[in-house]
Structure formats: structure tokens, C-alpha cells
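Here the working numbering = 1-based position in the sequence shown + 3.
Note that CB positions come from ideal geometry on N, CA and C, so glycine has one too.
No experiment lies behind these values; they were computed from the predicted model shown.
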Amino acid sequence: MAAMSWTSAYVSVIALVALSIMRAIYTAVRLKKTMPPGPPGLPLLGNALQIGPLPWFKFTQWKEEFGTICYSVHYTTHRLTREIMLAGPIFSLNLAGQPVVIISDAEIAAEFLERRSKIYSSRPRFVIGNEVLTRGMFLPLLPANDMWRQMRRAIHDTMNTTTLSSRAMHTLQESSAAALTLHIMHNPVHFTQHILHASATTMLHMVYGWSPMRIEAEGAHVVEVVDDLVRRITEAAVPGLRLVELFPALLWLPECVAVWKREGREGYERGSAMFVRLMESVREDMRAGMAEPCLGVTLIQNEKYALSMLEQAWTAGTALAGGIDTTAAAMQVFILAMVLHPSAMRRAQQEIDSVVGRERLPVMADWQYLPYVHAMVREVLRWQSIAPMGAPRVSSQDDWYEGYFIPKGTIVIQNTWAINRDAEYFPDFDAFRPERYLDPSSSGPPIDAMPITHGYGHASFGAGRRICPGKDLANQSLFLACATLLWAFDIQPAVDENGQPIVPSSTECVDRGLFVQPAPFTCEFLPRGPEVPGIIQATT
Ligand code: HEM
Numbered sequence: 004m005a006a007m008s009w010t011s012a013y014v015s016v017i018a019l020v021a022l023s024i025m026r027a028i029y030t031a032v033r034l035k036k037t038m039p040p041g042p043p044g045l046p047l048l049g050n051a052l053q054i055g056p057l058p059w060f061k062f063t064q065w066k067e068e069f070g071t072i073c074y075s076v077h078y079t080t081h082r083l084t085r086e087i088m089l090a091g092p093i094f095s096l097n098l099a100g101q102p103v104v105i106i107s108d109a110e111i112a113a114e115f116l117e118r119r120s121k122i123y124s125s126r127p128r129f130v131i132g133n134e135v136l137t138r139g140m141f142l143p144l145l146p147a148n149d150m151w152r153q154m155r156r157a158i159h160d161t162m163n164t165t166t167l168s169s170r171a172m173h174t175l176q177e178s179s180a181a182a183l184t185l186h187i188m189h190n191p192v193h194f195t196q197h198i199l200h201a202s203a204t205t206m207l208h209m210v211y212g213w214s215p216m217r218i219e220a221e222g223a224h225v226v227e228v229v230d231d232l233v234r235r236i237t238e239a240a241v242p243g244l245r246l247v248e249l250f251p252a253l254l255w256l257p258e259c260v261a262v263w264k265r266e267g268r269e270g271y272e273r274g275s276a277m278f279v280r281l282m283e284s285v286r287e288d289m290r291a292g293m294a295e296p297c298l299g300v301t302l303i304q305n306e307k308y309a310l311s312m313l314e315q316a317w318t319a320g321t322a323l324a325g326g327i328d329t330t331a332a333a334m335q336v337f338i339l340a341m342v343l344h345p346s347a348m349r350r351a352q353q354e355i356d357s358v359v360g361r362e363r364l365p366v367m368a369d370w371q372y373l374p375y376v377h378a379m380v381r382e383v384l385r386w387q388s389i390a391p392m393g394a395p396r397v398s399s400q401d402d403w404y405e406g407y408f409i410p411k412g413t414i415v416i417q418n419t420w421a422i423n424r425d426a427e428y429f430p431d432f433d434a435f436r437p438e439r440y441l442d443p444s445s446s447g448p449p450i451d452a453m454p455i456t457h458g459y460g461h462a463s464f465g466a467g468r469r470i471c472p473g474k475d476l477a478n479q480s481l482f483l484a485c486a487t488l489l490w491a492f493d494i495q496p497a498v499d500e501n502g503q504p505i506v507p508s509s510t511e512c513v514d515r516g517l518f519v520q521p522a523p524f525t526c527e528f529l530p531r532g533p534e535v536p537g538i539i540q541a542t543t
């Protein structure tokens, strides 16, 4: 019996590999004829081997190159004149039979992801990430199904303006920023760990209603498990990185042959057990009448979401996992920007000193009076986007765009890196210049430097129905962290043994799959005055 099933599994794998090869040939031929033009690739593999690590750099290079190639080839005919404009901002790839469209223009991204959101709101199949590691319960990887809708609704209902503007939320975020400042003052070398802890503090409160004391006692373990799960999921989510993503039939292999399958199951069991435990503690708090308003309570109290207890646990766990590392990575970008751009730091500090003074730390209520710091948060998210390719979508039906055919099942990637560096909106895109978001003729709030982003001024939160549900929470956390750290410290490059500044790279990064963080760098945090330690300690 065992031998039989082995043989049939073997035959199925071969058959599926053969089918995949035929599909690759079919796609390669079809791509040439109808889809937006793209770089020539190898037979069968298409462009799969050309992309390499940090794909958004290659995509952005192709965006530039394709404008030129199409111009020189087609410049006289009417139909192809249009390609002159289109080929750069939108081009297609063939990843071993999988058609992929890369969009590097905000207008076109809005057309696909917002105006045609009915077609472009699903995700590609993530075999390891969605099926093995999270068993179809990790919202960012879910196809646009009922589970996705219900989970998203619950998160959206919790992260609403009422919660985010509540006094309790502001107090928590303010004390988290103050604690971050205190930890950095005592132990500046490990600033990235303190940042991660600060980000986790906000999320644990928002999701499970945890108090700062409880977070101090138990938070580190939760962060460690979540971090491990997120690392596994995001690494597995890169399209085409693992063979099983290209040949899902390999999913049938037994665990003794497929180590990734065993590791995936273990990852799931570890993450799931913790998410269930965390929700159980919310139920206990509710029974004891001690629960704070939070996502966990919303999920438990509302039958309308029609989620099982396990699905509720994963919804909460997803929000936690979605918020910790992303916000922490953006805070690291902020520190990097301060090290590399001291003039922006000085200008923000002048604004903070004139509005807040030197006798208290910044608070959320200062937000509207600190337009430069507000603009700085936007510039941090634009300058080095921590999700440079957003999260991939897949088209759920055949579609046409400007004469090009986009077949059902095409992976669509928003090249956020290129959009945030579109010279039309950001002429000096490499420079870190928060003032690009300010209207020089007024002292009002930041303006939208790129109009189609609904007031955010960059494309870093994605678009349409799958736009990041944590964007406003992240903006608040970033604002308070930036304002408080700049109130307290001059952030400077570290110096080497010869007293020379060690200047970190602005573009080197660690790819964490669906998001990136700056490559490790050193810097110094110099308290800006003798009042700093006392005021921080009094606030925490
Ligand atoms: C600086 C911080 C953050 C950035 C740059 C960021 C960016 C993104 C991006 C680009 C996406 C994909 C959107 C798309 O497909 O168009 C996303 C999705 C998501 N984000 Fe965030 N995010 C951040 C913080 C947060 C926070 C604080 C939360 C907490 C709730 C969160 C939860 C999620 C979830 C659950 C999704 C999946 C949405 C879906 O697939 O429907 N994110 N985020």
C-alpha cells in the first residue's frame, strides 16, 4: 500500500512538472504577443533567473530601460507611440510560466488596485506561507475570500479614528515613546532592540489590551515567537523563491523528504499555540472585568464576524505580527535619516523646541503644531520604503489595459520603490527633504506631494481594498517616536578609532521577504541638555 502511494505520488509529481513546463511554454508565447512588453528571458525559465536579490532595484532599472528600448523600436506608429509611455511604468515578466506585471507609476497603480479593485484584490497562492505555516488564517496572504473580508473588517473596526484618537491610546503611545528614549539613553548600542520593543508595546496594547507592566514582564517572549513566525512567513512569501511555490505538487511530499514542510508545521503549531493563549488571556481579563478595549475584545464580543475561536486568535495574531516589525523597520529608517541628514534633524528640533519647549516631552496633541515633524514621518516612509514592492496581488479574471491583455492569474506587483522616486513628483528623490511636503506659503499641515495617494503623500501603505489597515496607527507611533527622540537627542554617526565618522549606507538593507529594514549600522545618541534624563524619567 505504502509502495503504491509512493508510486502514484511520484507519477503525479512528474505529471505536474510536465504540465508546469507546458504552461511555461504557453505563457512565454502568449506573453510575447499580448501582455505589456518586458525584458527578453530564457526559454522556459523566462526572466526567473534575471531578478536576483532586492528585486525592486532591478524592476526600477527595467522601468528606465524599457522606456528607451520601446522608443527606439516603435517611435513612428500610432499604437506603439503609446508604448513609449507605457512600457516603462508597466511591464511584464515571465517567471517560469507565471505571468507577472510590474507597475511603477502611481496613476497606473490607482487604476489597477483601486478603480479595478474587484479584479486585483486577491493574493497569489503562497504554498508555504498561507497553506503550511498559517493554514489559511494569515490575513495578508489570504486570497480575497470571506475569511479575509471578516478578518479585515474586525481589524478595521478596531483601528478606527475613535480608538486611535482616544486618550488611552495616546497615553500608551506617548509612554511607549518615552520608554524608548529612556532605554536608548541607558543602552544606546542596542537601539534596534529598543525600537522593536517600543513597537511591540503599542501593538500588544492595541491587540490584547496589555498594560505596560505586563508587556515589560511577558512581552519579550511574545515578540520572539512572532518575530520567528513573521520571518518564516515573509521569507516564504517571496514569489518563486522556493521550488514548491512553482510546483505546488511538491506539497504532497512526506515531511521526511520535505524538511520545509516539517519546519512549516512546527512554525504553525508554535505560532498558533501562542495566539490561542493570548486570546484566552483576553477572555480571562473580560471575565474578571479587567479587559481594556482592544482588538481581542472586539473579536470576542462580535458574533457578526463569524470567526471560530481559532480564527479569532489568528486575526489578533495577524494584526500583532503585521504591526511590530514594519513600524520598527520604519523607525530604523528614521534614525538612519537623522544620521545622514543632520540639517533636517536640526530643523525638526527647532520646531519641537519652539512648540513643546524644554520642560516636557512631545505629546500627540502637538501633532498639528509640528508640521515639519509630521512631514518628516512622510519623508521617512517615502525615502526608504520598508515595503518596496508592496504585497503582490493576483488578477481574478482576464482584463485589458490600454490594449494589453492581462490574463487571469497574473501576479501584479506595485513597485513602490519606483513610485516613491518618481521624478515627476519628487524631482530630487534621493534627497531626504521633509520640506517637500510643506507648502512654503503657509504653516499648515503637510501637503500631498503625490495626489493619488489619498493624503499620505507616498505609496508605502499599498492601495485599494488591501491597503494597510494599520497605516494610521503606524503614523501616530512614528510621529511620537520621531518627536520624542529628537526632543531628547542629537543623533550622530558613530566614530571609528581614528575619530572619523562611520557613515552608514542609505540603501543597504536586510531583505525580510515582504518588508526590508536598513542594514545594521551604528550611531550615537547625545542628550541635548542636562534636563533630558530627569524629564524622561519623570514621564516613564
Ligand atoms: C510603517 C508601518 C507599515 C507599513 C509601511 C505597512 C505597509 C503595508 C503594505 C505595503 C501592505 C500591503 C498593502 C497592499 O496589498 O496594497 C500592508 C498590509 C497589511 N498591514 Fe501594514 N504596514 C505598516 C504597519 C502596519 C501596522 C501597524 C499594522 C497593524 C494592524 C499592519 C497590518 C497590516 C495587515 C493586517 C495587512 C494585510 C492587509 C490585507 O492583506 O488586506 N501594518 N501593510
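The DSSP-derived three-state label of R396 is strand. Within its own chain, the residues whose Cβ lies closer than 6 Å to the Cβ of F464, once the five positions on either side in sequence are excluded, are I470, C471 and K474, listed in chain order. The beta carbon of C297 sits no closer than 7 Å to any heavy atom of the ligand HEM. At least one heavy atom of the ligand HEM lies less than 7 Å from the C-beta of A466.
Taking C-beta atoms under 8 Å as the contact rule, P39 and V397 fail to qualify, at a distance of about 16 Å. Under a 10 Å Cβ-count criterion, I539 is classified as buried, with 16 or more other Cβ atoms of the shown protein chains found around its own Cβ.
Taking the CA atoms as reference points, P454 sits about 19 Å from Q387. Shortest gap from the CB of M162 to any heavy atom of the ligand HEM: under 7 Å. In the structure shown, V383 adopts helical secondary structure according to DSSP, grouped into three states.
For L256, the three-state secondary structure derived from DSSP is coil.
Ranked by how close their Cα comes to the Cα of E248, the residues A51, F492 and Y271 have A51 in first place. Judged by their CB atoms, T330 and F518 are not nearer to each other than the 8 Å cut-off. Exposure of L246 is indicated by the presence of fewer than 16 other C-beta atoms within 10 angstroms of its C-beta. Rounded to whole angstroms, the Cβ separation of L489 and Q352 is 5 Å, and the two are in contact under 8 Å. Ranking M154, R531, D493 and V104 by CA distance to the CA of A347 puts D493 first.
In its chain, beyond the 5 residues on either side, G222, V226 and I327 have a beta carbon closer than 6 Å to the beta carbon of A203.
Within the chosen limit of 7 Å, the ligand HEM reaches the beta carbon of I389 through at least one heavy atom.
Per DSSP, reduced to three states, the secondary structure at E295 is coil, with no helix or strand assignment.
Rounded to the nearest whole angstrom, the CA to CA distance from V359 to M392 is 37 Å. The beta carbon of A182 sits closer than 6 Å to those of T543, all from its chain and outside the five residues before and after it, given in chain order. When rounded, the separation of the alpha-carbon atoms in E269 and D231 is 11 Å. For the pair Q335 and I111, the CB atoms are not nearer than the 8 Å cut-off. Q153: member of the alpha helix (DSSP H) spanning D149 to T161, first to last residue.
Residue environment analysis places W213 among the buried positions, since at least 16 neighbouring C-beta atoms fall within 10 angstroms of its C-beta. The residues Q371, P374 and H377, in chain order, have a CB closer than 8 Å to that of P448 in the same chain once the five nearest residues on each side in sequence are set aside. Taking a C-beta distance under 8 Å as the contact criterion, C485 and M379 qualify as a contact pair. In the three-state scheme derived from DSSP, where H, G and I count as helix and E and B as strand, G100 is classed as coil. CA-to-CA, the gap between A434 and G460 works out to about 16 Å. Pairing Q520 with A541, the inter-Cα distance amounts to about 32 Å. Taking C-beta atoms as the reference points, A466 and P530 fail to come closer than 8 Å.
At the C-beta level, A332 and I389 come within 8 Å of one another. E134 and W317 have their alpha carbons spaced roughly 14 Å apart. The beta-bridge partner set that DSSP reports for D369 is empty.
At a threshold of 7 Å, R469 counts as near the ligand HEM, since its beta carbon sits closer than that to one of the ligand's heavy atoms. Here V192 has T525 as same chain residues with Cβ atoms under 8 Å from its own Cβ, once five neighbours each way along the sequence are excluded.
With contacts defined by Cβ atoms closer than 8 Å, A99 and L47 form a contacting pair.
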